[in-house]
Amino acid sequence: MSSPVTTVAVDANAKAVAKRMLDENISSVGVVDADGDLAGILTSTDFVEIAAEGGDPDELAVSAFMSTELVTVTANDPVETAASLMLDHSVHHLPVVDETEGVVGIISTTDITAYVSGIEEPAAPMLG
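Under full-length UniProt numbering, think of the first position of the sequence shown as 1, with each following residue one higher.
Following this line, the structure appears as structure tokens:
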């Protein structure tokens with residue numbers, strides 16, 4: 001998993017978030033509410049929707065395009081669970097959450113590919 005997670009506020013400006021994602025070379029951000037709780041996830045694919053709808057990213061908050069029906073795992077879940085959830089729900093980014101710390105990581109299809117190919121081998125077959 002990738003950690004720490006880049007997070008933005010629900011009212012963050014879409015253009016500023018897009019620039020941040022490019023600057024940090026990331027394809028998703030966690031979107032958090034005022035309490036710091038995960039409210040959604042915004043991915044590079046969501047920006048395709050913004051462009052397709054002719055939206056002006058200068059005028060849009062990320063909350064208008066973020067995914068809110070989240071599928072998550074914990075850092076103690078096996079990698080196989082994460083991969084299955086990603087396939088079952090057709091998602092490419094899976095937030096990793098902790099009951100007390102909130103969002104602690106993001107696992108992507110790239111992370112799964114690296115794990116399966118043996119590029120990254122954790123000490124135990126867990127996400128965290």
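Virtual Cβ for every residue (Gly too), placed ideally from N, Cα, C.
Keep in mind the model is a prediction, meaning the values are calculated, not measured.
Quick one: what's got a C-beta closer than 7 angstroms to residue i's C-beta in the same chain, skipping five residues either side?
i, result
"G102", "G36, D37, L38"
"D33", "V10, A39"
"L42", "V17, S28, V29, V31, V62, F65, M66"
"A24", "The residue asked about is misnamed: residue 24 is Glu in this sequence, not Ala. Excluding sequence neighbours, E24 sits near T6."
"V91", "V71"
"T109", "M86, H92"
"E49", "F65"
Going by the beta-carbon positions, is the gap between residue i and residue j smaller than 8 angstroms?
i, j, result
"residue 129", "I112", "No statement about residue 129 is possible, as the shown extent of the chain runs from 1 to 128 and does not include it."
"L94", "V71", "yes"
With a CB to CB cut of under 6 angstroms and the five nearest residues on each side skipped, what residues in its chain are close to residue i?
i, result
"V116", "none"
"S44", "S27"
"A12", "V62"
Determine the DSSP secondary structure at residue i, reduced to helix, strand or coil.
i, result
"A39", "strand"
"A124", "Confidence is the limiting factor: at A124 the pLDDT is only 48, short of 50, which leaves the residue's position unreliable, though a coordinate-based value still follows. Residue state, collapsed to three classes: coil."
"V104", "strand"
"A51", "helix"
"V29", "strand"
"H89", "helix"
"L22", "helix"
Any idea if residue i is buried or exposed, counting beta-carbon neighbours within 10 angstroms, 16 or more meaning buried?
i, result
"A51", "exposed"
"T100", "exposed"
"A14", "buried"
"residue 171", "The structure shown has nothing for residue 171, since the chain only spans 1 to 128."
Rounded C-beta distance between residue i and residue j? I'm assuming under 8 angstroms.
i, j, result
"F65", "D46", "5 angstroms"
"L85", "V73", "7 angstroms"
"P107", "V97", "Note that residue 107 corresponds to Ile in the displayed sequence, not to Pro. With a Cβ gap of about 11 angstroms, I107 and V97 do not count as contacting."
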